[in-house]
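J.:
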Amino acid sequence: MNFSDKLRTLKQHPRMVLAITILLSSCLVYYQYVFGNSIFIFNDIGADTQQQYIMQFNSIVNHIRDGNLSVWDFTNGFGTSMLQLNLFDPSLMILYLAGVIFGPALMPYLLIYLHIGKMILAGIACYQFLTCFSFSDKAKLLASYLYAFNGFLIVWGQHYQFSMIAVYLPLFLYLLEKSLHRDRFSPSISLITTCIIIYSYYTGYMTMLTGGIYLIIRLFFMEDLLWKTRYRRFFRGCASMILGVCMGLFSLLPAFALVTNVSSRLESNMGFWEKIWTSIAPYPLRYYFTLLFRFFSSNLEGIGNDTIHMPYRGYSNFYEDPNVFFSTLFVILLVQYLFYLARSKECTRKKVTQWTLILLSAVALLLMAGSLVFNGFAAPFSRHTFVLMPVFALLVANMTDVIFDRRYFSITGGILTLICATILYGFSYRKTALTPSVKLNVLLLWGSTLLMICLLYMAAHRNPVRSYSTSAVFALLACVTAVNVMSDSHITARGRSSVVKGDPNYFNYLYSPDMDNLLRYVEDTDPEFCRIEKTFAQASWSMESCAQDYRGIGTYNSTLNRNLIQFTEKMIPNLNLYNFARTTYRHIAHDDAFATLFGIKYLVTTDENYSSDAYRLLRQFGSLYLYQNQNDASVGRLYQNTLDKSTFEANPGAYDLSGLISQAVVTDEPDNLTMSAEELASYAKQPLPDYTRYNASELTEHINPESHAVSFVDGVTIPLDSALQEEKAPVTMNFNITAIRPPALTFITNNGITDTGRIELTKFDVQPTYTYTLTIPEDTTSIRCESRYQGIAHTLTDISFMAQSAASDFPEDSGVTINNTGNDSHLSGKIHAGSYSLAFLAIPFEKGWHATVDGKPVELVRTDYGFTGFYVQAGEHEFTLNYQAPLLREGIILSAVSLGIFLAITFLTKKDEH
């Protein structure tokens, strides 16, 4: 076969050509991940990948390998529903399968190949969609190639979970388009709708909304159709989508229940109509500058990590700002399209339809109301921009043919585009580009823009006699466009702070045989359900328990149970790392009373001389030391005293909470166990002398001699009196913080020796004063306060010290024993109650949990704002606690009924055809 025959064969298989081109291009874009030492897991602005997502993937694989196929997971924080995780992304299913067969340590290496695979599939899906229209092959190939490198897929693809929708959406639109040309039921629409809904109800909602708009616009655009036919096809298309949604109710209904019942995601101080009214307004001006920059590049305002010399200067952050980059060629063709449409002699219906589409796209991008609608009326995010990518592909394909075939090119539009590009790229080159690679990217983007305009002008004004020039000009245009998108895509991933292949600090640490042996020892020697925590972290701030398969309390969950959020806010705010979505034991490692309340029976450290009132060394496993709580640290315990929340909230700062939680539990309403005012008074805080050494040299430049207020900008060291070491009970340091913006401080205690000596305080709400309480570890001689914001002045006032009760104040016998059943959704245990009591369980209070005592159902009550409890009479009891995902059973039934309807309609449709 000669070269011409091979070329002809390739032309007969455009999808294969497209796939190979995208594969080669993406390997060049991500060469440091494909051929180099980097892994597609980031710990910079994309830290969610390392801190959260890969840990969740590990958790799913661990559950499957352990045979623990429950819908509840106690390795994720205090516990959460597995249905919150991404279970039905087909690309991630491949990842899970590889993890189950070969071990979870393989999964990080596969992430880049899955990403590239989705880019290829996205390009092919877009090409398939464009085949519904009379575009030339070259126009379809160019537009599909650009779709594979669109800004949404390149940027959000780094977070794994949103990128699959870029594959689904063009396939969905392709099937919708095909259905518009026939008068019968289309089963494929229902099937792909089901796949989209179970993959993500969030992006699924946006896709269904896009599908409805697409049906309306296309049916209005089409000619020679009776209005009756248009209505019939519209409702048939909508009915097919609704049937697909119904078949996915087994996933959708439980997810809806989770979000509406306990998730904080949808909480807002504004009502529905108030949200709409306030959103019928433009964004702040800064947003529109970012939007304009994003059309010309995803990176002109930086990425968001100082270590790669590209701090982000945009409206929000690198990921959340609108991702609309579709190559600079798209911007050129968009301007050309506006000029062309204004002069077009198409019929009024077609022109009105196209202007309507432009208007809707503008509303979706320019007004908060557009974003609000696409985001389910929760908040005006910019995550919906993926719905515009197929529209961009249509425009590129259409205008490519207009310029090459109809030979239209507006010189005015080209000059305006070049001027705008020159200004933006020039500004970015001077202000944002701080490294040679970034400067080179800006130059390539500008140079390719100039070449594109010249080539498009040549295509429109070519010599008609020399027909070969058309192919040559297009080939050059395609090459320049490829350089344009490849350069910009490369910068999004170049030089990022990422995990390194084979890095012992990640892989040997996370999948440590010492940790495996330690956990196996606990499992073999302790039959009870218990929690384990660590005083250190290296691979993830809060979620190493998911990867290492132990039950802790740390999590990173942006849809955290709102009851747990209330618990941390009201009773132990130091549990939070940065914000409510992240919790970590290390922040409360010296609050042994709370550790005992949570049922943290074992503690893992790297220190054989770890200082603690509650934990004693049990055994060593290589470099790790296993400590055991000397108190009865059961996940459940009995209380004979309660305190209603209204009384507690009347003066929450007045109580020694460590002592209070050891003897009483906070309930929503008064009950028969409510303690008297005299009993409550015994838990008042115990003031201590002020141990701050105000006359120390370290405070000379920071102290106000009259008020003893400590002021600093970047940081300050506060020396403490040696008399503090003589205190027997744990000590807290209390103070107020004032600053011109919400503070982001790091407090270093215990002289910074261990991970537990660093506590992060981050506030987002604006307040005149912030009150903070810091537990002082033993042997602490000073407190170091450091600001994570440069140049921001802070002042600490009203410094005081209080004594708190030790964990040993808990009763020696918790009264509750919980068995380790091996199934997180089913717990059982025994209760020994000497009198009428409230059984407290350190398990999130969430719909879906059901308890029985001696075989009889009992009502669950909320305790300590975030946890579960039930009342028991005196005596010996056996109890069970089972979790059934709310609406899961109903969803399965409705999905089965919908599937039956789908099969019946499909059968009847096929029968009518024959």
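Start counting the sequence shown at -4; every next residue gets the next number (the working numbering). The beta-carbon is built from N, C-alpha and C at its ideal position, and this holds for glycine as well.
#1: Is the CB-CB distance between serine 657 and aspartate 544 below 8 angstroms?
#2: Pull up the DSSP beta-bridge partners for serine 795, would you.
#3: Going by C-alpha to C-alpha distance, which of Arg779, Val56, Ala470 sits closest to phenylalanine 399?
#4: For the candidate residues Phe291, Ile887, Ala532, whose alpha-carbon lies nearest to that of aspartate 483?
#5: Residues in the same chain with beta-carbon distance under 7 angstroms from leucine 78, minus the five sequence neighbours each way, listed in chain order, please.
#6: Can you give me the start and stop residues for the alpha helix (DSSP H) that serine 147 sits inside?
#7: Please confirm if the stretch 521 to 529 is in contact with the stretch 54 to 62, defined as three or more CB-CB distances below 8 angstroms between the two stretches.
#8: Any idea if asparagine 38 is buried or exposed, counting beta-carbon neighbours within 10 angstroms, 16 or more meaning buried?
#9: Anyone know if the C-beta pair for methionine 797 and glutamine 681 falls short of 8 angstroms?
#10: Could you spell out the range, first to last residue, of the alpha helix (DSSP H) harbouring histidine 58?
#11: Express the C-alpha separation of serine 717 and glutamate 693 in angstroms, rounding to a whole number.
#12: Out of Thr202, Glu807, Ile17, which one is the CA nearest neighbour of phenylalanine 369?
#13: Taking 8 angstroms as the cut-off, decide whether the C-beta atoms of leucine 727 and threonine 775 are in contact.
#14: Let me check understanding here. Comparing Cα to Cα, which of Tyr403, Leu439, Phe144 lies closest to threonine 417?
#15: What residue does the alpha helix (DSSP H) around cysteine 190 start on, and which one ends it?
#16: By DSSP's criteria, aspartate 935 is part of a beta bridge. Which residues make up the other side?
#17: Since tyrosine 610 and tyrosine 622 are thought to touch, with beta carbons under 8 angstroms apart, how far apart are those beta carbons, to the nearest angstrom?
#18: Using only alpha-carbon positions, find the residue among Thr642, Ser492, His585, Ile237 that is nearest to serine 185.
#19: Secondary structure at lysine 596, three-state DSSP: helix, strand or coil?
#20: Out of curiosity, what's the CA-to-CA distance linking glycine 62 and leucine 445?
#21: So, is cysteine 190 buried or exposed, given that buried needs 16 or more other C-beta atoms within 10 angstroms?
#22: So aspartate 396 and phenylalanine 130 are supposed to be a Cβ contact under 8 angstroms. How far apart are they, rounded?
#23: Is there contact here, the stretch 783 to 791 with the stretch 696 to 713, by at least three beta-carbon pairs under 8 angstroms?
#24: Any contact of the stretch 153 to 163 with the stretch 494 to 501, i.e. 3+ C-beta pairs under 8 angstroms?
#25: Should asparagine 558 be counted as a contact of the ligand GTP given a C-beta to heavy atom distance under 7 angstroms?
#26: For the alpha helix (DSSP H) that contains glycine 409, what are its first and last residues?
#27: Ignore the nearest five residues each way along the sequence and tell me which others in methionine 394's own chain have a CB closer than 6 angstroms to its CB.
#28: Express the C-alpha separation of asparagine 71 and arginine 557 in angstroms, rounding to a whole number.
#29: Alpha carbon to alpha carbon, how far is glutamate 673 from glycine 861?
#30: Taking C-beta to C-beta, are valine 660 and leucine 833 nearer than 8 angstroms?
#31: For glutamate 903, count neighbouring C-beta atoms within 10 Å of its own C-beta (all shown protein chains included) and say buried if the count is 16 or more, exposed if not.
#32: The alpha helix (DSSP H) that contains asparagine 393, what's its start and end?
#33: Let me see if you follow: with CB-CB separation under 8 angstroms, is leucine 833 close to chain B or not?
#34: In its own chain, which residues sit with a C-beta less than 6 angstroms from the C-beta of aspartate 587, not counting the 5 before and 5 after it?
#35: Use the C-beta contact count for arginine 857: other C-beta atoms within 10 angstroms, 16 or more gives buried, fewer gives exposed.
#36: Cα-Cα, which of Phe52, Ser553, Leu148, Thr75 is closest to proline 317?
T.: If we stick to the structure as given:
#1: no
#2: Asn729
#3: Ala470
#4: Phe291
#5: Val66, Pro249, Ala250, Leu253, Ala880
#6: For the record, residue 147 in the displayed sequence is phenylalanine; it is not serine. Its alpha helix (DSSP H) spans residues 146 to 151.
#7: no
#8: buried
#9: yes
#10: 49 to 61
#11: 16 angstroms
#12: Thr202
#13: Going by the sequence as given, residue 727 is threonine instead of leucine. No; because the gap between Cβ atoms is not below 8 angstroms, this pair is not in contact.
#14: Leu439
#15: 182 to 194
#16: Past the edges of the chain, shown from -4 to 909, lies residue 935, and the structure says nothing about it.
#17: 4 angstroms
#18: Ile237
#19: strand
#20: 59 angstroms
#21: buried
#22: 6 angstroms
#23: yes
#24: no
#25: In the structure shown, the ligand GTP is absent, as is every other ligand, since no ligand is present at all.
#26: 406 to 426
#27: Leu328, Gln331, Tyr332
#28: 15 angstroms
#29: 26 angstroms
#30: yes
#31: Strictly speaking, residue 903 in this sequence is leucine, with glutamate absent from that position. Exposed, since its Cβ has fewer than 16 Cβ neighbours within 10 Å.
#32: 384 to 400
#33: Annotation note: the requested chain B is absent from the structure, which comprises a single protein chain.
#34: Asp608, Ala609, Ala802
#35: buried
#36: Leu148
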